[in-house]
Ligand code: ADP
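Residue numbers (the numbering used here): 50 to 412.
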């Protein structure tokens, strides 16, 4: 989606991924196959580009730092990525910046894990510090009896873990902030994200929250992104607590699933603004074009070939904008595409989006 946005502006992209037939290969000008943690592979990529950016946070920050010493322009920077890709360091940075987060602590041993249980009470959430996504890498520890199993499931002996107090939120909300290398910042509307089994399922824009709560979420999200010196479109995931307080869950240093709706629903998408931001171009208007939008993720139903069924039926739904990523294999819960519906009322766009989404399956 970044490549598509770039192409529309007459900007050429070179992508690198481990596989030749990955979704980006179909839409970039040049595709390079290789390991994006190998400095030699990245050097080859960088030699062809004015600026290097990323669309996942798992690229090794140390590798990117090596390239920066060779004057490769990488945005967001390796420093930003180093802070965000370790969730414990990320939380410490947010706390240092005075931003609200759930209480957290390192759990480097089973003794420290037990201390977390005494400190936070039960349930609490145990997380891997690195490489978690879609809830993979998290486990809720319900009682002291779960401590040992939780440690084993997350393989705490080989992966650093940390613990977080359980936040009994009434909603999960998110804000996309886009900061350009020339200092301009734009903020997208606050959205509500609905997760199923820790995977983002539905995004509703705007979130049905009071204007004062929305203003507070925007303030916190903007400060969070500046505190990590984020450049480009950065996702800020927030919890809205029972008493309407806002707590930062985590940052994603890249375009984010909670911003996919912006392609059709906003004057300028998160993807286009990301491209503009890393090139130092003026940022576009992030506001909604119509009063309401809903995005639904289309998830794999089972492992197997990724050919979707029901596409024609979904296309018959008025105003359903369908995006199929062209991933070659489906997996249960894998994000295979999404669809967005925009309109005048949340009720109407939700019902159309749900009716289109349920027609599509990936066997
Ligand atoms: P990932 O990087 O896998 O998306 P997150 O840390 O965002 O991991 O957690 C995934 C989901 O787990 C969140 O969207 C939320 O629903 C739930 N979750 C995470 N942390 C907490 C917490 N401290 N309290 C309650 N629920 C949580």
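Glycine included, C-beta positions come from ideal geometry on N, C-alpha and C.
Note that the structure is predicted; figures quoted are calculated from it, not measured.
Check	Outcome
On the criterion of 16 or more Cβ atoms from any shown chain inside 10 Å, does residue 309 qualify as buried, or is it exposed?	buried
Quick check on residue 243: buried or exposed, where buried means 16 or more other Cβ atoms within 10 Å of its Cβ?	exposed
Under a Cβ-count criterion, where at least 16 other Cβ atoms within 10 Å of its own Cβ denotes burial, should residue 202 be classed as buried or exposed?	exposed
Within 10 Å of its beta-carbon, does residue 135 have 16 or more other beta-carbons around it, so buried, or fewer, so exposed?	buried
Using three-state DSSP, classify residue 175 as helix, strand or coil.	strand
State the DSSP-derived secondary structure class of residue 51, mapped to helix, strand or coil.	helix
Ordered along the chain, which non-local residues of its own chain (more than five positions away) have a Cβ less than 6 Å from that of residue 324?	54 and 55
Find out if the Cβ-Cβ distance for the pair residue 168, residue 177 is shorter than 8 Å.	no
Does the ligand ADP have even one heavy atom less than 7 Å from the beta-carbon of residue 247?	yes
Mapping the DSSP letters down to three states, classify residue 380 as helix, strand or coil.	coil
Whole angstroms are fine: how far does the CA of residue 370 sit from the CA of residue 344?	9 Å
Could you tell me the alpha carbon to alpha carbon distance between residue 191 and residue 319, rounded to whole angstroms?	38 Å
I'd like the ranges of any beta strand (DSSP E) spanning at least 3 consecutive residues and lying wholly in the region 173-231.	173-177, 187-190, 210-214 and 220-228
So does residue 105 have its beta carbon nearer than 7 Å to some heavy atom of the ligand ADP?	no
In terms of residue numbering, what span does the beta strand (DSSP E) encompassing residue 341 cover?	341-348
Are the beta-carbon atoms belonging to residue 130 and residue 302 less than 8 Å from one another?	yes
Can you tell me which of 60, 90 and 93 puts its alpha carbon nearest to the alpha carbon of residue 78?	60
CA-CA distance, residue 327 and residue 293?	34 Å
Given this structure, state the Cα-to-Cα distance separating residue 128 from residue 95, to the nearest angstrom.	18 Å
Give the DSSP bridge partners of residue 245, in chain order.	248
What's the gap between the Cα of residue 261 and the Cα of residue 268?	11 Å
Taking just the CA atoms, how far does residue 184 sit from residue 157?	20 Å
Is residue 329 near residue 321, with beta carbons less than 8 Å apart?	no
Spell out the partners DSSP gives residue 288 in its beta bridges.	221 and 296
Where do the ends of the alpha helix (DSSP H) carrying residue 65 lie?	Here residue 65 belongs to no alpha helix (DSSP H); instead the beta strand (DSSP E) covers 63-66.
Select from 126, 353, 125 and 187 the residue whose C-alpha is nearest the C-alpha of residue 383.	353
Should residue 287 and residue 351 be called a contact, given that it needs their Cβ atoms to be closer than 8 Å?	no
Cα separation between residue 375 and residue 74?	10 Å
Could you work out which residue in 207, 280, 142 and 70 is closest to residue 104 when comparing CA atoms only?	280
Do residue 211 and the ligand ADP come close, with the Cβ less than 7 Å from some heavy atom?	no
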